[in-house]
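Peer 1: Mind looking over this structure? Questions follow.
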Amino acid sequence: MKIRRYEDRDREPALALAPRLVEGIAPWRDEKAARASYIDTVAWSIDHGDDDDMAVFVAEDDEGFAGIVTVKEKGHFTGQKDAYVEGLAVQERVARTGLGTKLMDACEEWGRRRGHRRLIIKTGAGNKVAREFYASIGYEEEEVKLSKAL
Numbered sequence: 001m002k003i004r005r006y007e008d009r010d011r012e013p014a015l016a017l018a019p020r021l022v023e024g025i026a027p028w029r030d031e032k033a034a035r036a037s038y039i040d041t042v043a044w045s046i047d048h049g050d051d052d053d054m055a056v057f058v059a060e061d062d063e064g065f066a067g068i069v070t071v072k073e074k075g076h077f078t079g080q081k082d083a084y085v086e087g088l089a090v091q092e093r094v095a096r097t098g099l100g101t102k103l104m105d106a107c108e109e110w111g112r113r114r115g116h117r118r119l120i121i122k123t124g125a126g127n128k129v130a131r132e133f134y135a136s137i138g139y140e141e142e143e144v145k146l147s148k149a150l
């Protein structure tokens with residue numbers, strides 16, 4: 001497995017992987033709209049991956065493109081700047097092989113080199129697989145978002 005920066009040749013497989021980001025979405029959300037939004041988000045990320053405040057990493061294995069993650073700098077309401085992960089997704093064929101961990105390692109290293117003290121990631125409350133994965137590599141809950149039907 002190899003982790004490297006995004007290249008133009010990765011666009012098609014990256015966009016094809018974007019729908020995996022919908023997994024665990026709340027049942028009252030419009031899944032079709034969420035899928036379209038995630039595709040737009042991934043497209044924006046890969047179009048801006050060379051910006052000074054962000055990076056896009058991809059994973060490759062013997063079969064080719066295997067995963068993608070975007071990390072960028074964002075301000076917290078306290079004024080502290082943190083590194084934020086947006087859109088970690090891996091091909092089903094490489095799930096639970098350590099590839100997601102390697103992509104997160106790349107994000108952590110990016111954040112450290114930029115002087116950040118925290119790496120933040122959000123995921124759906126119903127995305128049990130993702131939440132267990134992040135906990136297994138040392139991430140802890142910081143905030144809880146609540147909603148109520150009206």
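Per full-length UniProt numbering: the sequence shown = residues 1 to 150. Think of the CB as a built atom: it goes at the ideal place given N, C-alpha and C, for glycine as much as any other residue. The structure displayed is predicted, hence computed values, not measured ones.
Which term fits V56, buried or exposed, when burial requires 16 or more other beta carbons within 10 angstroms of its beta carbon?
Peer 2: buried
Peer 1: Is I39 closer than 8 Å to A18 when the C-beta atoms are compared?
Peer 2: Yes, the Cβ-Cβ distance between A18 and I39 is below 8 Å.
Peer 1: Let me make sure I understand the geometry here. Which of E132, S45, I121 has the alpha-carbon closest to that of V85?
Peer 2: I121
Peer 1: Are G124 and A33 closer than 8 Å when you measure CB to CB?
Peer 2: No, Cβ-Cβ distance for G124 and A33 is not below 8 Å.
Peer 1: Thinking G64 and V90 are a contact (beta carbons under 8 Å), I'd like their distance in whole angstroms, please.
Peer 2: At roughly 13 Å, the Cβ-Cβ gap does not stay under 8 Å, so G64 and V90 are not in contact.
Peer 1: In whole angstroms, what separates the C-alpha of L88 from that of V69?
Peer 2: 4 Å
Peer 1: Between the beta-carbon of I46 and the beta-carbon of A14, is there less than 8 Å?
Peer 2: yes
Peer 1: For R96, name the three-state secondary structure that DSSP assigns.
Peer 2: coil
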